Amino acid sequence: MRRYLIVLLAPLLNQYLRLNQNIKATPRDIDVAILMTPPDSTLQVVQDCAEKGMKGVIVFTAGFGERGAEGKKIEQEICRVARSRSIRVI
51 MRRYLIVLLA
61 PLLNQYLRLN
71 QNIKATPRDI
81 DVAILMTPPD
91 STLQVVQDCA
101 EKGMKGVIVF
111 TAGFGERGAE
121 GKKIEQEICR
131 VARSRSIRVI
């Protein structure tokens, strides 16, 4: 049976658990990130994933295109970053 490492990042929980502050601070390579972040911080997290060399991100959030022009702009920028680094986004 194969084993996989799960890395938790939760800056707000650091006072309770010993976690990394952000994706770039993780000491290992990560293949896929599951993001549960507010829409306003999702772009930065996707950019961090790209810098870390991840191949995929699964985004659990809302508030992009349905939020209007500003949300649509963020959504398009996330797609641009993902395409530029060949990252699959779900």
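In the working numbering, the protein residues as written are 51 to 140.
Glycine is no exception: its CB is placed at the ideal position from the N, C-alpha and C atoms.
As the structure is a prediction and not an experimental result, all values here were calculated from the model.
My output table needs one value for residue i: the three-state DSSP class, helix, strand or coil.
i: I137; result: coil
i: A83; result: strand
i: R130; result: helix
i: G141; result: No statement about residue 141 is possible, as the shown extent of the chain runs from 51 to 140 and does not include it.
i: G113; result: coil
For the alpha helix (DSSP H) that contains residue i, what are its first and last residues?
i: A100; result: P89 to K102
Where do the N-terminal and C-terminal ends of the beta strand (DSSP E) with residue i fall, by residue?
i: G106; result: G106 to V109
Measuring alpha carbon to alpha carbon, tell me which residue in the options is nearest residue i.
i: A75; options: R52, C99, T92 and L93; result: C99
i: V131; options: R78, M51, P77 and G103; result: G103
i: I137; options: V107, R52, G115 and M51; result: V107
If you draw a straight line from the alpha carbon of residue i to that of residue j, how long is it in whole angstroms?
i: I80; j: V109; result: 16 Å
i: E125; j: V139; result: 11 Å
Measure the beta-carbon distance from residue i to residue j and round it to whole angstroms, keeping in mind my assumption that it falls under 8 Å.
i: V82; j: I128; result: Between I128 and V82 the Cβ distance is about 16 Å, and since that is not below 8 Å, they are no contact.
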